[in-house]
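Here this note's numbering is used: the first residue of the sequence shown is 1, the next is one more, and so on.
Ideal placement from N, C-alpha and C gives every residue a C-beta, glycine not left out.
All remarks here apply to the structure that follows.
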Amino acid sequence: MSEKEEYYFYRKDNYSTSSADIEYASENEVEEQSTQENLPIRPRDDTSFKSSSRERSEGSDGLSSSPESPVTTENRPFQELQKQKGEMSPKAAQEEILAQIQRLQLKLTELREVDSTSSIGSHQSHLQTTSSSHSSHQRALESSLGREANFQIHSSMTRSNIGETGHDDSKLGPKLLVVSNRLPVTVTRDNNGTYHFNMSSGGLVSALKGVKSLMSFIWIGWPGTEIDPNEREYVRNKLREDYSCFPVFITDEQANLYYNGFCNDVLWPLFHYVPVPIVSSDGERKFDFKYWQAYSAANYRFAEAVLQVYQEGDYIWVQDYHLLLLPSLLRRRLRDVKIGFFLHIPFPTSEVYRILPVRKELLQGVLAADLIGFHTYDYARHFLSVCTRILGLDSSPKGVNYHSHFAHVGIFPIGIDPNTFHRALEDSSVQQRIQELHEKFIGKKVLLGVDRLDYIKGVPHKLLALEWLLTKHSEWMHKVVLVQIAVPTRTEIEEYKKLSSQTNELVGRINGKFGTVDHSPIMFINQSLAFEELVALYTVADVAIVSSVRDGMNLVSYEYVMCQQANKGVLILSEFAGSAQSLSGAIRVNPWNIEELANAIHEALSMPRREREIKHWKLYRYVTTHTAEYWAKSFFQELDNVVKHRDELRLSLPLLNVKSVTKRMSNARTRLFLLEYEGSLCNSKSLAELNSPTSTHIKILTRLCSDPRNIVVILSGRSKDILEHWFGNYPMGLIAENGCDLKISGVAEWRCLVSSTETEWRDELLPVLQYFTERTPGAYIERKKHSITWHFRDADPEFGSWQANELQLHLTELCSSLPIEVNSGPKYLELRPKGVSRSSTVERLFSILYDEKRTSVDFCFCLGADRCSEDLFAFIHHMKDKANGDSSSSISTKMDAICCAVGLQSSNADAYLQDVEAALAALRELSSHTSATIVDSHLRAHTNALSHVHKPRRRSNTKIK
Numbered sequence: 001m002s003e004k005e006e007y008y009f010y011r012k013d014n015y016s017t018s019s020a021d022i023e024y025a026s027e028n029e030v031e032e033q034s035t036q037e038n039l040p041i042r043p044r045d046d047t048s049f050k051s052s053s054r055e056r057s058e059g060s061d062g063l064s065s066s067p068e069s070p071v072t073t074e075n076r077p078f079q080e081l082q083k084q085k086g087e088m089s090p091k092a093a094q095e096e097i098l099a100q101i102q103r104l105q106l107k108l109t110e111l112r113e114v115d116s117t118s119s120i121g122s123h124q125s126h127l128q129t130t131s132s133s134h135s136s137h138q139r140a141l142e143s144s145l146g147r148e149a150n151f152q153i154h155s156s157m158t159r160s161n162i163g164e165t166g167h168d169d170s171k172l173g174p175k176l177l178v179v180s181n182r183l184p185v186t187v188t189r190d191n192n193g194t195y196h197f198n199m200s201s202g203g204l205v206s207a208l209k210g211v212k213s214l215m216s217f218i219w220i221g222w223p224g225t226e227i228d229p230n231e232r233e234y235v236r237n238k239l240r241e242d243y244s245c246f247p248v249f250i251t252d253e254q255a256n257l258y259y260n261g262f263c264n265d266v267l268w269p270l271f272h273y274v275p276v277p278i279v280s281s282d283g284e285r286k287f288d289f290k291y292w293q294a295y296s297a298a299n300y301r302f303a304e305a306v307l308q309v310y311q312e313g314d315y316i317w318v319q320d321y322h323l324l325l326l327p328s329l330l331r332r333r334l335r336d337v338k339i340g341f342f343l344h345i346p347f348p349t350s351e352v353y354r355i356l357p358v359r360k361e362l363l364q365g366v367l368a369a370d371l372i373g374f375h376t377y378d379y380a381r382h383f384l385s386v387c388t389r390i391l392g393l394d395s396s397p398k399g400v401n402y403h404s405h406f407a408h409v410g411i412f413p414i415g416i417d418p419n420t421f422h423r424a425l426e427d428s429s430v431q432q433r434i435q436e437l438h439e440k441f442i443g444k445k446v447l448l449g450v451d452r453l454d455y456i457k458g459v460p461h462k463l464l465a466l467e468w469l470l471t472k473h474s475e476w477m478h479k480v481v482l483v484q485i486a487v488p489t490r491t492e493i494e495e496y497k498k499l500s501s502q503t504n505e506l507v508g509r510i511n512g513k514f515g516t517v518d519h520s521p522i523m524f525i526n527q528s529l530a531f532e533e534l535v536a537l538y539t540v541a542d543v544a545i546v547s548s549v550r551d552g553m554n555l556v557s558y559e560y561v562m563c564q565q566a567n568k569g570v571l572i573l574s575e576f577a578g579s580a581q582s583l584s585g586a587i588r589v590n591p592w593n594i595e596e597l598a599n600a601i602h603e604a605l606s607m608p609r610r611e612r613e614i615k616h617w618k619l620y621r622y623v624t625t626h627t628a629e630y631w632a633k634s635f636f637q638e639l640d641n642v643v644k645h646r647d648e649l650r651l652s653l654p655l656l657n658v659k660s661v662t663k664r665m666s667n668a669r670t671r672l673f674l675l676e677y678e679g680s681l682c683n684s685k686s687l688a689e690l691n692s693p694t695s696t697h698i699k700i701l702t703r704l705c706s707d708p709r710n711i712v713v714i715l716s717g718r719s720k721d722i723l724e725h726w727f728g729n730y731p732m733g734l735i736a737e738n739g740c741d742l743k744i745s746g747v748a749e750w751r752c753l754v755s756s757t758e759t760e761w762r763d764e765l766l767p768v769l770q771y772f773t774e775r776t777p778g779a780y781i782e783r784k785k786h787s788i789t790w791h792f793r794d795a796d797p798e799f800g801s802w803q804a805n806e807l808q809l810h811l812t813e814l815c816s817s818l819p820i821e822v823n824s825g826p827k828y829l830e831l832r833p834k835g836v837s838r839s840s841t842v843e844r845l846f847s848i849l850y851d852e853k854r855t856s857v858d859f860c861f862c863l864g865a866d867r868c869s870e871d872l873f874a875f876i877h878h879m880k881d882k883a884n885g886d887s888s889s890s891i892s893t894k895m896d897a898i899c900c901a902v903g904l905q906s907s908n909a910d911a912y913l914q915d916v917e918a919a920l921a922a923l924r925e926l927s928s929h930t931s932a933t934i935v936d937s938h939l940r941a942h943t944n945a946l947s948h949v950h951k952p953r954r955r956s957n958t959k960i961k
């Protein structure tokens with residue numbers, strides 16, 4: 001397939017969330033609107049996509065057993081509406097025309113607003129690209145998406161501030177936008193062309209009742225079927241006006257690739273600890289990038305829909321693994337957006353998650369959220385570990401810092417709506433059915449299992465445990481019956497066909513072995529039941545068994561507890577279900593240990609009434625307290641607190657305004673630029689050879705040096721020999737080994753600032769460093785003239801940190817009597833002479849400039865990233881206060897200074913930049929305001945140097961005879 005015939009396009013590094021994606025845009029940044037290419041449209045496949053009867057997400061699975069109260073609304077087809085228009089009177093027709101003109105004026109206002117912000121597709125055209133293998137796919141994807149976004153905007157798709165009814169939502173205050181794969185409304189169309197809208201009352205709908213009391217919300221999602229483009233506006237308006245929903249229109253082909261292909265066949269199994277095979281049963285590759293491309297395109301569609309509804313101040317709550325990329329896509333367009341994300345399924349360990357070929361892109365997508373919620377602490381711990389091991393990020397129990405954006409992590413176990421079951425138990429038909437079931441199972445103990453027939457639910461484990469029970473405890477023969485409800489799902493998939501066949505064989509074998517004419521130990525119901533029937537079974541069951549081998553939460557256990565107020569039944573719960581961490585009153589088992597599960601069933605059947613009452617009281621108290629409404633309200637309140645803290649932090653440490661810096665330094669006669677190299681101008685690496693400056697660095701720095709008013713000084717922890725090799729040919733000052741050596745701009749000699757030349761301490765400390773290096777794979781010792789650095793950047797993140805802490809304790813004790821001090825930095829420990837620091841060396845620099853060069857600094861711009869920069873920032877502020885407060889100061893009569901941190905970790909900085917890319921962009925803009933041009937010889941000299949360093953030598957064509 002050629003590039004232009006592709007329907008889905010993707011570039012692998014597109015979702016690498018850079019600093020510009022996460023935070024503020026520069027004030028003088030001009031948004032570019034790229035002209036979209038006209039790509040041939042792939043013909044639509046008419047094969048309809050049949051969605052599963054149940055969502056694969058654990059949240060929807062666990063909540064879907066709640067009752068549904070369908071609300072069906074029949075709507076007039078478009079032909080009837082057109083007919084009515086044709087029968088209008090002249091006066092009515094004139095009024096209709098005036099109304100249309102008014103609506104067009106409103107839409108024109110919207111289009112101007114949209115033009116001022118541009119669409120996602122056009123915005124993506126100027127994002128930084130780093131993967132050449134998929135660049136053509138990405139350009140075409142952006143073109144296709146941008147073209148559809150423009151089509152939707154110009155086809156009467158309105159924003160939420162002015163709806164079709166003419167009301168202004170912006171006057172109602174902020175609202176909550178709930179974004180999920182499926183809407184709570186299912187849209188169907190009959191043979192007559194009439195649309196029907198069925199509203200579900202379970203799941204998140206019940207949970208969001210608590211949030212609805214705080215603010216209004218709009219639900220954004222896929223309506224479940226493909227809608228004809230000519231009828232989309234009608235469906236959209238109907239959903240918006242009657243159900244507070246906003247649809248995301250996806251074709252059946254897109255939905256099949258995105259939902260079945262990637263979500264259900266790749267993410268769902270892997271997140272439930274089932275590795276993705278290399279090939280599927282039909283011989284094709286299991287992980288095909290066409291599924292990932294469809295997943296990416298679908299997330300773009302959802303982002304477009306959110307942007308059409310979003311108003312400033314709104315909260316966005318993204319639900320589940322179908323939309324892992326959505327937070328990043330929204331953050332790129334809306335700098336101050338408030339985003340929450342909740343994962344309803346387990347999050348695997350790093351050893352399992354790293355199997356994913358697109359593991360980094362998914363993590364970078366979800367880390368753009370302000371709050372990331374999980375059901376249990378285990379899932380959150382796995383997520384933090386994955387961020388550390390795969391992305392190399394620093395994490396804490398509170399969250400992860402990624403490109404100066406802190407993504408908070410929280411634990412929010414979901415619940416159910418107890419009132420639904422209270423009302424059902426009071427229903428006369430349910431009570432009658434309960435009585436009938438009591439009579440049916442009189443004299444027998446009832447075991448109950450309610451599961452989807454999925455390989456993660458452990459249904460075969462449950463059947464084998466029953467077989468073991470009847471074999472080892474014959475006293476329960478003919479006295480126990482297992483009612484197993486196994487709702488079929490994805491019956492067209494080969495793996496599920498095999499599971500169904502194996503389960504039926506087990507049921508037949510056990511019933512044939514232990515059954516009689518009057519009794520079968522297993523009642524296997526391979527279909528879904530009505531809610532009233534399910535409540536009745538919950539009530540009469542003596543024991544409920546949840547034997548999942550991996551489950552996000554499993555709310556069947558909650559539902560069973562709510563129906564056992566009279567019977568005080570016992571709950572057997574797999575320790576691999578998320579609810580096991582919350583329901584301490586249950587008997588927890590390992591379903592893989594069949595004998596243990598069988599013994600738990602025996603214990604539950606034999607448990608005294610008093611013990612059952614105590615256990616049920618604990619379970620009932622938790623279930624009625626931690627409801628679905630409580631879950632939604634607690635998550636939203638935490639999101640609100642997180643956003644408020646984020647905004648306060650941004651007020652205390654604003655983003656660097658480059659235009660303001662340019663204005664402040666324009667009138668200065670002498671401008672000093674103190675630029676930290678590692679961490680600010682380039683990402684830190686353990687080996688010096690990997691950190692050599694690129695042509696971009698040299699061009700920016702040389703342009704800064706070309707202005708005679710500028711004094712540029714590079715600060716680094718590397719040795720003076722390395723810095724001389726990198727920057728020795730350029731007119732800039734250098735500070736090596738974090739202050740041990742100093743070179744003034746324009747002077748060839750280096751000045752040693754270390755008073756003591758003793759080196760005996762090396763013989764005492766090097767064996768300790770070598771000992772830890774040998775026992776820490778990836779660690780590296782960098783020996784310099786005055787100092788030694790122990791790098792553990794390439795070691796295992798957790799083990800490396802443990803070893804560094806242990807090493808620091810040993811070194812601190814050994815150095816107490818030596819002229820050496822231990823300093824810690826990001827992924828390194830450094831031993832250097834006492835009394836030497838960057839701030840002391842910069843103080844010496846000021847003195848040299850004034851005493852020897854007769855130069856007073858009028859303006860100082862300091863850029864740093866690590867802990868050493870904190871002391872330097874404090875010293876610069878001290879110098880500024882001293883110069884401006886003491887007229888007799890020998891430093892300067894007046895001095896302005898700006899300290900900028902790369903990241904949000906600084907407390908002494910005046911402003912911050914998001915990352916290295918943002919720092920280089922700021923310096924590039926500052927260098928463009930110099931008064932002199934770059935010396936051509938400098939560029940030529942660097943070009944020649946780069947040709948020797950970066951370009952491979954040509955092989956001689958002369959053959960050696």
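{"Query": "What is the DSSP secondary structure of TRP317, counted as helix, strand or coil?", "Result": "strand"}
{"Query": "Excluding the five sequence neighbours on either side, which residues of its own chain have a C-beta within less than 8 Å of the C-beta of SER727, listed in chain order?", "Result": "Just to set this straight, residue 727 is Phe in the shown sequence, not Ser. Cβ within range, chain order: PRO693, LEU701, ILE714, LEU734."}
{"Query": "Name the DSSP beta bridge partners of VAL570, please?", "Result": "VAL543"}
{"Query": "Apart from the five residues just before and just after PRO223, which ones in its own chain have a Cβ nearer than 6 Å to its Cβ?", "Result": "LEU183, VAL187, PRO247"}
{"Query": "Starting from VAL658, follow the alpha helix (DSSP H) in both directions and report where the run begins and ends.", "Result": "658–665"}
{"Query": "Can you name, in chain order, every residue of its own chain whose Cβ lies under 8 Å from the Cβ of VAL561, other than the five neighbours on each side?", "Result": "LEU571, LEU583, HIS616, LEU619, TYR620, VAL623"}
{"Query": "Please report the straight-line C-alpha distance between GLU798 and ILE339, rounded to a whole angstrom.", "Result": "29 Å"}
{"Query": "Once you ignore the five residues that flank ARG232 on each side, which residues in its own chain have a CB closer than 6 Å to its CB?", "Result": "PHE249"}
{"Query": "Could you compute how far the alpha carbon of LEU334 sits from the alpha carbon of ILE316?", "Result": "11 Å"}
{"Query": "By the DSSP assignment, the beta strand (DSSP E) with ARG783 in it spans what residues?", "Result": "780–783"}
{"Query": "Taking only the alpha-carbon atoms, compute the straight-line gap between HIS697 and LEU681 and give it to the nearest angstrom.", "Result": "8 Å"}
{"Query": "If you compare alpha carbons, which of VAL337, HIS645, HIS272 is closest to TYR455?", "Result": "HIS272"}
{"Query": "Would you mind listing the beta strand (DSSP E) stretches within the stretch 491–539 that are 3+ residues and don't spill past its ends, in chain order?", "Result": "522–525"}
{"Query": "THR812 by DSSP, collapsed to three states: which one?", "Result": "helix"}
{"Query": "Under three-state DSSP, which class holds TRP802?", "Result": "helix"}
{"Query": "Give me the DSSP bridge partner(s) of ASN593.", "Result": "DSSP lists no partner for ASN593."}
{"Query": "So VAL318 and VAL179 are supposed to be a Cβ contact under 8 Å. How far apart are they, rounded?", "Result": "5 Å"}
{"Query": "Give the straight-line distance between the Cα atoms of SER119 and TYR310, rounded to the nearest whole angstrom.", "Result": "Note on SER119: pLDDT 37, under 50, position unreliable in the model; the coordinate value appears next. The straight-line gap from Cα to Cα measures roughly 13 Å."}
{"Query": "Going by alpha carbons, who is nearest to ASN181 out of PHE217, GLN293, SER296, LEU323?", "Result": "LEU323"}
{"Query": "If you draw a straight line from the alpha carbon of ALA932 to that of MET732, how long is it in whole angstroms?", "Result": "Note that ALA932 scores 40 on pLDDT, short of 50, meaning its location in the model is unreliable; the coordinates nonetheless yield the value given after this. Spanning the two alpha carbons is a distance of roughly 16 Å."}
{"Query": "Using C-beta distances below 8 Å, list every residue in its chain close to PRO174, excluding the 5 sequence neighbours before and after it, in chain order.", "Result": "MET215, GLN311, GLY313, ASP314, TYR315"}
{"Query": "Relative to the C-alpha of VAL386, which candidate in ASP370, THR376, SER404, GLN364 has its C-alpha closest?", "Result": "GLN364"}
{"Query": "Using a Cβ distance threshold of 8 Å, determine whether the stretch 912–930 contacts the stretch 656–663, with at least three qualifying pairs required.", "Result": "yes"}
{"Query": "State buried or exposed for ASP21, treating a residue as buried only when at least 16 other CB atoms are found within 10 Å of its CB.", "Result": "Per-residue confidence for ASP21 stands at a pLDDT of 38, beneath the threshold of 50, marking its modelled position as unreliable; no derived number is given."}
{"Query": "Check each candidate in GLU648, VAL661, SER837, MET477 and name the one with the smallest Cα separation from ASP741.", "Result": "SER837"}
{"Query": "By Cβ distance below 6 Å, which residues in the same chain neighbour LEU674 in space, the five residues on each side in sequence not counted?", "Result": "VAL713, CYS862"}
{"Query": "Output needed for GLY835: all residues of its chain with C-beta closer than 8 Å, excluding positions within five of it in sequence on either side, in chain order.", "Result": "SER755"}
{"Query": "Here's the rule: buried if 16 or more other CB atoms are within 10 angstroms of the residue's CB, otherwise exposed. What is PRO833?", "Result": "buried"}
{"Query": "Report buried or exposed for ASN191, applying the criterion of at least 16 other Cβ atoms within 10 angstroms of its Cβ.", "Result": "exposed"}
{"Query": "Short of 6 Å in beta carbon distance, which residues of its chain neighbour VAL358, apart from the five on each side in sequence? Order them along the chain.", "Result": "TRP292"}
{"Query": "Given a cut-off of 8 Å on the beta-carbon distance, is the pair GLU611 and ASN590 in contact?", "Result": "no"}
{"Query": "Using CA coordinates, which residue listed in SER660, PHE514, HIS478 is at the minimum distance from GLY443?", "Result": "HIS478"}
{"Query": "Which term fits ALA566, buried or exposed, when burial requires 16 or more other beta carbons within 10 angstroms of its beta carbon?", "Result": "exposed"}
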